[in-house]
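Undergrad: Count along the sequence shown from 1, then add 803; that gives the number in the working numbering. No residue lacks a Cβ here, since even glycine has one placed at the ideal position from N, Cα and C. What follows is a single structure, and I will ask about it in a moment.
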Amino acid sequence: MSSCSRAAQQWATFARFWYLLDAKLQPPGKLAEICSQHLQGKHKPIYHATSDCGDHVVVINTRQIAFSGNKWEQKVYSSHTGYPGGFKQVTAADLHLKDPLAVLHPYSLQSTPDHLHTAAPTVNPPLPSEPAPPSQLQIEVDLVPTPGALPPSPQTHHCSHPSSIQLCALSRTMPSLL
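See below:
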């Protein structure tokens, strides 16, 4: 005989929990993969492709995401307005300077399935632009484990190839981000 009632057990099984995912010094592709798993509910034993049983995931410290190697200059984001001459391309470093949250959005959209059964809340996870206050951190249920830190880059290439938010150029131009 269990100590909880059957109604309480059912509520705990089907309830939507809030999870906190720290993006500090993490690659955006791995973060989006972990976020997608929790938004779709694939970590639950009751998961089914047509059921909407996902949890809420709040991604914090999105200003401090990191790319490995030289991807800040090599990664190019493209968009087209649909009009002649409307093709735009921007590197990850330029996009991150303009809007730090925009680097993570394409990864979160790619990691969710693209079919009619996709639930609307799984498309865009909440990405706060500011660090979470301590009072909000106490409300969140669980901290999702991150995939691990990137390997340290050699000190000689630190300024020429930014591998984290602690970029030499950012620290000179925008000290409020650090």
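(1) Would you decide whether residue 814 is buried or exposed? Buried here means 16 or more other CB atoms lie within 10 Å of its CB.
(2) Which residue marks the beginning of the alpha helix (DSSP H) containing residue 859, and which one marks its end?
(3) Taking 9 Å as the CB-CB cut-off, is residue 859 touching chain B?
(4) Looking only at its own chain, which residues have a Cβ that is under 7 Å from the Cβ of residue 832, when we skip the five neighbours before and after it?
(5) Using CA coordinates, which residue listed in 861, 834, 827 is at the minimum distance from residue 820?
(6) Give the C-beta separation of residue 827 and residue 867 to the nearest angstrom, bearing in mind that I take them to be a contact with Cβ-Cβ under 8 Å.
(7) Please confirm if the segment 877-889 is in contact with the segment 839-851, defined as three or more CB-CB distances below 8 Å between the two stretches.
(8) Alpha carbon to alpha carbon, how far is residue 808 from residue 822?
(9) According to DSSP, which residues form a beta bridge with residue 890?
(10) Which residue from 842, 875, 892 puts its Cα closest to that of residue 899?
(11) Using alpha carbons as the reference points, say which of 865, 894, 883 lies closest to residue 908.
(12) Leaving out five residues on either side along the sequence, give the residues of the same chain with a beta carbon under 6 Å from the beta carbon of residue 892.
(13) Assuming residue 858 contacts residue 844 under a Cβ cut-off of 8 Å, what Cβ separation, rounded to an integer in Å, is found between them?
(14) DSSP three-state call for residue 840: helix, strand or coil?
(15) I'd like the span of the alpha helix (DSSP H) that includes residue 898, first residue to last.
TA: To lay it out plainly:
(1) As a first step, residue 814 is located in the sequence shown; it is residue number 11 there, counting from the start. Result: exposed.
(2) In the sequence shown, residue 859 corresponds to position 56, counting from 1. That residue, residue 859, is in no alpha helix (DSSP H); its beta strand (DSSP E) goes 859-863.
(3) No chain B is part of this structure, which consists of one protein chain only.
(4) Here residue 832 is taken as the residue at index 29 of the sequence shown, counted from 1. If we look at residue 832 and ignore the five residues flanking it on each side, its Cβ neighbours are 910.
(5) In the sequence shown, counting from the first residue as 1, residue 820 sits at position 17. The residue with the shortest Cα to Cα distance from residue 820 is 861.
(6) As a first step, residue 827 is located in the sequence shown; it is residue number 24 there, counting from the start. As a first step, residue 867 is located in the sequence shown; it is residue number 64 there, counting from the start. That belief holds up - the Cβ atoms of residue 827 and residue 867 are roughly 4 Å apart, short of 8 Å.
(7) no
(8) Here residue 808 refers to the residue found at position 5 when the sequence shown is read from its first residue. Here residue 822 refers to the residue found at position 19 when the sequence shown is read from its first residue. Rounded to whole angstroms, residue 808 to residue 822 spans 25 Å at the Cα level.
(9) Here residue 890 is taken as the residue at index 87 of the sequence shown, counted from 1. Per DSSP, 883.
(10) As a first step, residue 899 is located in the sequence shown; it is residue number 96 there, counting from the start. When only C-alpha atoms are compared, the closest one is 875.
(11) Counting from one through the sequence shown, the residue named residue 908 turns up at place 105. Cα-wise, what sits closest to residue 908 is 865.
(12) Sequence index remark: in the sequence shown, residue 892 carries index 89 (1-based). Contacts found: 879, 881.
(13) Residue numbering aside, residue 858 sits at position 55 when the sequence shown is read from its first letter. Residue numbering aside, residue 844 sits at position 41 when the sequence shown is read from its first letter. Between residue 858 and residue 844 a beta carbon distance of about 7 Å is seen, short of the 8 Å cut, so the two are scored as contacting.
(14) In the sequence shown, the residue the question calls residue 840 occupies position 37. Residue state, collapsed to three classes: helix.
(15) The residue labelled residue 898 in the question sits at position 95 within the sequence shown. From DSSP, the alpha helix (DSSP H) with residue 898 extends over 895-901.
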